[in-house]
Structure formats: C-alpha cells, structure tokens
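S.K.: Following this note's numbering, the numbering of the sequence shown begins with 131 at its first residue and continues without gaps.
Just so it is clear, CB atoms sit at the ideal spot from N, CA and C, and this is done for glycine as well.
Okay, here's the structure, questions in a sec.
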Amino acid sequence: MLITSRLSAFLVALFSIALLVEGATFTNPLKNPNGSDPHIVYTGGYYYLTTTTWTNIQLTRATTLAGLKTATPTTVWTDSTASRAGNFWAPELHYIDGIWYLYYSAGTTTCCDNQRPHVLKGGSSPLNTYSYLGQLTPDWGIDGTVLRFTDAMYFVWSRFSPNSLQSLYIAKMNSPSSLGTYYLLSEPTLSWERVNNPVNEGPAAMYHGGKTYLTYSASDCWTTSYQLGLLTYKGSGDPLLAASWTKTGPVFSSANGNLGTGHNGFFQSPDASQIWNVYHATAATAGACDGNRYTMAQVVNWNSDGTPNFGTAAALGTTLTGPSGE
C-alpha cells in the first residue's frame, strides 16, 4: 500500500513537471480590439505586451500569455507636443545597456503624413518612468525596430524610397537615439508585396541557430493579402547592404478566418527554448488598418534545413499549449 501511494505521488509530481515544461494552455486572441502591431518581451518572470492604441503607449503585464487577456494595461506615455501628440503606432520595448527603451511612431493628431520614429528612455524595469529621448529621422518613417549583431546595433524602419515605394531602410545606431547613414534594404517589387499598394513595413528581428532573420509585412493592410515576408542574412557581408540578405515569401498569410496576418514580433519562452511569433489579424473581409485587429501568438517551428516554419494561424478559440516554462 505504501509503495502504491509513493508511486502515485511520484506520477503526480512527474505530470506536474511535464505541464510546467510544456506551458499552460491559452486561446487567441490575446487582445481585441486595438491589438494591432503587437510586441511582446519576456523578462523578470513577466510578459509585457504593447500594441497600437493610437492616443498613448500602454504596457500590459502578466506571468502567462493567458493572463495578458485579462490584465489591466498601464499607460506609460502620453504627449502634448503637437508634432508628436497623436497617432501613436507600433511601440516596441528594447533593452540596451541595462536600460529599457520604447521605440514608436507618432505625429500630429491628423493622420498620417507627419509620422516620425521616436524613442523614449526608461529604466531597469519596463514599468519604470519614461522620458522623451528623441526623434530618430527628420522625414516620414514608421515601424522602427532594433537589429543586433555582435559588433553593432542597427535601426530598421519603413520609409519611402526614391522610387516612391514604401520600403525598408536600415542604419547603424550611433546611440539609442542617433543614426548613421541610411541604406535601402528592401523595396516592394514582388507581386505579393504590391497588392493594392506596394508596401514593406513592420520589420522584426529573429535569431536562431547562428542565423539572423528579419520578417516584415508586405502589401496594403486594407487587404487580406497583408502578409509576412522574410529577409535572411547570408552570414557574411555588410548588414547595411541589401545584397547581404536573401528575400523569400510570403511565409505567413491569412488562414482560418484570420485575415491580414502581419506586423509581427518575436519573443522567447520563459525557459528560452522556444521562439514565439506575436502578430495581428482581423476578421474584416476587406482587411483592416484600424483598431479592428486582434493580437495572436503561436510558436515558431523549424524545418529540417534550419529555416523557420511559421505554420498557419489557428482559428480563434483553438486551445494552444503555451510557451515552454510557464
């Protein structure tokens, strides 16, 4: 009887450990409405989610992905300066030299010709107080992110090329708020990048197996063809040069009622064994660029040749296993 009891206790403990490793379950969406342009970081035992909320910048914190659905957001930034007081888009948290920075786009309250990339400086925790640090470029630009190599950091964002195409640009970062010379990284020249309007925007960096990747969003967000493309660094050459990258795509598109799957970000699971993709989608049959987009997340898998496999967006309400280590 004692042996049976001990065996039962052992099996219960083993099952509990297995659940911890696999992660708790959750369902998408994580945020709806105003789940556009999502970005998640995991640090200090918490997920921090930020999305486009138009009038301010908010952070939502929880210990599990499922917890993000009901957690109360904290407003960390508003601004009364006329040139940057409205249309807060695509905020992203980045940790640089022990400090959290928030990169975002903003402009006047009248949309959208005055959008510029900006950065806020915080502290050692994502919820510390933020102060305005600076505007990164003098001309129109949106969707800035930080790309890291061992010897330098780069800023990648969307602006118009000399061909009047909304394109991806890259510049070496002199500091968190200062950029070097701009270089054209990717123009929307392929058919799947040009539906309704030619667009490359929303870059997001991912690192795996010694390789560096940049996903980005292509085509007009007011279509269901808004989708992800992929730039893969060739492993040598100057990261500032388009010739050092290989473009493929689309790699993630509308599926299972989730339309316009795009403007994504990447985050690690609590045990750092997985990379997760957070992105937005809409149920609007014509696509959406407004608050009628919701936040979704799913794990990134890997093909036998080491390339990323983003899978397809599962139908809303599907029970998914959460990040490993939850």
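(1) Quick check on the burial criterion: 16 or more other C-beta atoms within 10 angstroms. Buried or exposed for Asn433?
(2) Go ahead and pull the three-state DSSP assignment for Ala196.
(3) What residue range does the beta strand (DSSP E) around Glu323 cover?
(4) Quick one: measure Cβ to Cβ for Ile229 and Gly252, integer angstroms, because I've assumed they're closer than 8 Å.
(5) If we call anything under 8 Å between Cβ atoms a contact, is Thr391 one with Gln428?
(6) Going by C-alpha distance, which of Ala154, Leu189, His410, Gly165 is nearest Thr442?
(7) In whole angstroms, give me the CA-to-CA distance for Thr182 and Gly340.
(8) Per DSSP, Arg191 forms a beta bridge with which residues?
(9) Measure the alpha-carbon distance for Tyr89 versus Leu315 and round it to whole angstroms.
(10) Would you identify the three-state DSSP class for Ser291, choosing helix, strand or coil?
(11) Note down, in chain order, each residue of its chain lying with its Cβ closer than 8 Å to the Cβ of Lys161, except the 5 sequence neighbours on either side.
(12) Quick check: Phe396 and Ala334, are their CB atoms within less than 8 Å of each other?
(13) Pull up the CB-CB distance for Thr157 and Thr415, whole angstroms please, since I reckon it's below 8 Å.
(14) To the nearest whole angstrom, what separates the beta carbons of Pro318 and Leu295, a pair I think is in contact under 8 Å?
(15) Between Leu309 and the rest of its own chain, which residues show a CB-CB distance below 8 Å, the 5 nearest in sequence each way excluded?
(16) For a minimum of 3 consecutive residues, which ranges assigned as the beta strand (DSSP E) are wholly contained in the stretch 382-444?
(17) Among Thr376, Thr354, Asp350, which has the Cα closest to the Cα of Thr362?
(18) Helix, strand or coil for Ala215, going by three-state DSSP, please let me know.
(19) Pick out whichever of Met336, Ser255, Gly387, Trp207 has its Cα sitting closest to the Cα of Thr437.
(20) Is it the case that the Cβ atoms of Ser235 and Ile272 are separated by a distance below 8 Å?
(21) Helix, strand or coil: which one does DSSP assign to Ser261?
(22) Within a Cβ cutoff of 7 Å, which residues of the same chain sit near Ser307, ignoring the five residues on either side of it in sequence?
(23) With 16 other CB atoms within 10 Å as the buried threshold, where does Asn439 fall?
M.R.: So, from the data block:
(1) exposed
(2) helix
(3) Here Glu323 belongs to no beta strand (DSSP E), and DSSP marks it neither H nor E.
(4) 6 Å
(5) no
(6) His410
(7) 32 Å
(8) Tyr178
(9) Nothing about residue 89 can be reported from this structure: the residues present for the chain run from 131 to 456 only.
(10) coil
(11) Pro168, Leu179, Thr181, Thr190, Leu198, Lys199, Tyr424, Thr425
(12) yes
(13) Wrong, their Cβ atoms sit about 22 Å apart, outside the cutoff.
(14) 6 Å
(15) Leu266, Thr267, Phe285, Ala301, Lys302, Met303
(16) 389-398, 405-412, 424-429
(17) Thr376
(18) coil
(19) Met336
(20) yes
(21) strand
(22) Val249, Leu263, Gly264, Leu266
(23) exposed
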